[in-house]
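Colleague:
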Amino acid sequence: MKVKGLRWWIIGLIGMATIINYIDRSAINILWPYIYKEFGIADADNKNALAIITTFFMIAYAIGQTVTGKMMDAIGTRLGMVVSIIGWSISIALHAVARSLASFNIFRAMLGFSEAGNWPGATKSNAEWFPARERAIAQGIFGASASAGSVVAAPVIVAISLAFGWRATFASIAVLGILWIIPWLIINKATPDKHPWISKEEQEHINEGRTEKTNTVTEKAYSWKQLLKFKNTWGVISSRFFIDPVWWMFVTWLPTFLKEQFSFDLKQIGAFAWVPYVFAAIGGLLGGFYSSALVRKGMPAAKARKRAITIGCIIMLVALAAIAIYLDQLKEHANIAIA
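To get the working numbering, take the position in the sequence shown, counting from 1, and add 31.
1. In chain order, what residues of the same chain lie with their CB nearer than 6 Å to the CB of I209, ignoring the 5 residues before and after it?
2. I want to know whether the segment 317-334 touches the segment 178-185 - three or more CB-CB distances under 8 Å.
3. What would DSSP say about K262, mapped onto helix, strand or coil?
4. What's the call for D224, buried or exposed, on a 16-neighbour Cβ count within 10 Å?
5. Which of the three DSSP states is assigned to R12 in this structure?
6. Any contact between the segment 164-174 and the segment 82-100? By contact I mean 3 or more CB pairs, one from each, below 8 Å.
7. Ignoring anything shorter than 3 residues or poking outside the segment 299-363, list the beta strand (DSSP E) runs there in chain order.
8. Roughly how many angstroms separate the alpha carbons of P286 and K337, rounded to a whole number?
9. Measure the beta-carbon distance from A202 to I50 and round it to whole angstroms, keeping in mind my assumption that it falls under 8 Å.
10. Mark V189 as exposed unless 16 or more other C-beta atoms lie within 10 angstroms of its C-beta, in which case mark it buried.
11. Excluding the 5 residues flanking F281 on each side, which residues of the same chain have their C-beta closer than 7 Å to its C-beta?
12. Between S269, W265, A177 and E363, which has its C-alpha nearest G315's C-alpha?
13. For the pair the segment 112-119 and the segment 141-148, tell me if three or more CB-CB distances fall below 8 Å.
14. Going straight from the alpha carbon of M102 to that of W255, what length do you get?
15. Could you pull out every residue in the same chain whose Cβ sits closer than 6 Å to the Cβ of G174, ignoring the five residues on either side in sequence?
16. Straight-line CA distance for F138 to K231?
17. Are there 16 or more other CB atoms within 10 angstroms of the CB of S269, so buried, or fewer, so exposed?
18. Could you tell me the distance, in whole angstroms, from the CA atom of W197 to the CA atom of R56?
19. Using a threshold of 8 Å, state whether the C-beta atoms of A48 and M141 are closer than that.
20. Measuring CA to CA, which of I354, P64 and S181 is closest to V309?
21. S131 to F70, Cα distance in whole Å?
22. How long is the line joining the alpha carbons of I212 and V206, rounded to whole angstroms?
23. Can you tell which of A153, Q170 and A339 has its C-alpha closest to the C-alpha of G100?
24. Specify, as a first and last residue, the run of the alpha helix (DSSP H) that V189 falls within.
25. Mapping the DSSP letters down to three states, classify M89 as helix, strand or coil.
26. So D76 is in the alpha helix (DSSP H); what residue range does that whole segment cover?
27. Reducing DSSP to helix, strand and coil, say where M32 ends up.
28. With a Cβ-Cβ cutoff of 8 Å, do I229 and F161 count as a contact?
29. Which word fits V326, buried or exposed, when buried means at least 16 other C-beta atoms lie within 10 angstroms of its C-beta?
30. With a threshold of 7 Å on Cβ separation, who are the neighbours of T245 within its own chain once the five nearest residues in sequence on each side are excluded?
31. With a 10 Å radius around its C-beta and 16 neighbouring C-beta atoms as the bar for buried, classify I54 as buried or exposed.
32. Can you tell me whether DSSP reads N246 as helix, strand or coil?
33. In whole angstroms, what separates the C-alpha of T222 from that of G318?
34. When the distance is taken between beta carbons, is L62 closer than 8 Å to S192?
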């Protein structure tokens, strides 16, 4: 049996894993403004408590990026993604039995470490399954899935919480990751060069522009010291250093911001907190298509991707400045502020 466009099935499953990833990590941020009192935390301290929880997550997440990246190289993306998603599903389920800030910190660190595997796993999978000229589109789909996860997270988490309570919410969303493993193992049987379902035409398309020499180079393992000698390494580090804090600010603090500045209750959070992520998903897809279009016109891939990132950063800067300057006026028009 041959499956047409098998690579798109693979990136589709990667996208689904990323959606589940963001549903899991968003749950605490959405629910925290409404549950912190159960842990004896005063109103004045609730933001500090959430900041501590987030810090534990991010430190573990940073460590996990390196460890799980090496794991993906060692055992491959097929099994590597399974290990990661089992780890984060167990971690998010444990949130349901948290009894203190300390236990939340521990479970959150476990979640951050295991969820980190989704990123090196997705990037490696895209490099395996897509030719160079399509990778920006594949990464765009992957990036848009993070936004899609945030879009889905607010209404789903709020609906479950209102119906069954916040502890049942954490237990319920843990099941999603376990269910994802089934189609992943069935469809992603092997890498493109060995997969029994891939057509010869698609195999040749994926290998387009690759040579024996480039394949040998990509398989070479570099030490940290060697990697830090490359200008491209520092480009990736610096871009993530400056861009990621803005994204995480929204993921972590948007529900608290809406509750405190606009007096939103939990139901309103579920109804409106997803809106910014719709536009983030659209931006992720447009950025991928735009940079790929520039590459097809002959622009070097690095330059095309830098241009797409630069345009996105300019738009983001203008929007954030407008929120900061006009916040008082926007309080009278919450729908405009969210958009």
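Here a beta-carbon is modelled for each residue, glycine too, at the ideal position from N, C-alpha and C.
Modeller: Reading it off the structure:
1. Closer than 6 Å at the Cβ level, and outside the excluded window around I209, lie S120.
2. Judged by Cβ distances under 8 Å, the segment 317-334 makes no contact with the segment 178-185, as fewer than three pairs qualify.
3. It is helical.
4. With fewer than 16 other CB atoms across the displayed protein chains lying within 10 angstroms of its CB, D224 is exposed.
5. It is not possible to answer for residue 12, since the shown part of the chain is limited to 32 through 370.
6. Proximity of the segment 164-174 to the segment 82-100 falls short of the contact definition, fewer than three beta-carbon pairs being nearer than 8 Å.
7. For the segment 299-363, not a single whole beta strand (DSSP E) run of length 3 or above is found.
8. The straight-line gap separating the alpha-carbon atoms of P286 and K337 is approximately 31 Å.
9. Contact check for A202 and I50: beta-carbon distance about 19 Å, past the 8 Å limit, so the pair fails to qualify.
10. Buried, since its Cβ has 16 or more Cβ neighbours within 10 Å.
11. Once the five neighbours on either side are set aside, the close Cβ partners of F281 are P307.
12. Checking every option, the nearest Cα to that of G315 belongs to A177.
13. Output reads yes: the segment 141-148 touches the segment 112-119.
14. Taking the CA atoms as reference points, M102 sits about 16 Å from W255.
15. G315.
16. Cα to Cα, the separation comes out at about 46 Å.
17. By the neighbour-count rule (16 or more Cβ atoms within 10 Å), S269 is not buried but exposed.
18. Their Cα atoms are separated by approximately 14 Å.
19. A48 is not a Cβ neighbour of M141, given a cutoff of 8 Å.
20. Scanning I354, P64 and S181 for the CA closest to the CA of V309 turns up S181.
21. Cα-Cα distance, rounded: 6 Å.
22. If I take the Cα positions, the gap works out to 11 Å.
23. Considering only alpha carbons, the answer is A153.
24. Per DSSP, V189 belongs to the alpha helix (DSSP H) from R166 to F195.
25. Residue state for M89 is assigned as helix, using DSSP reduced to three classes.
26. Counting along the chain, D76 falls outside any alpha helix (DSSP H), and DSSP gives it neither H nor E.
27. Residue state, collapsed to three classes: coil.
28. No. Outside cutoff.
29. Counting other Cβ atoms within 10 Å of its Cβ, V326 reaches 16 or more and is therefore classed as buried.
30. With a pLDDT of 48 at T245, under the threshold of 50, the modelled position of that residue is not reliable, and no figure is offered here.
31. Counting Cβ neighbours within 10 Å, I54 comes out buried, since at least 16 surround it.
32. Confidence at N246 is low in this model, with a pLDDT of 48, below 50, so the placement of that residue is unreliable and no value is reported for it.
33. C-alpha separation (whole angstroms): 27 Å.
34. Against a cut-off of 8 Å, the Cβ pair of L62 and S192 comes out as a contact.
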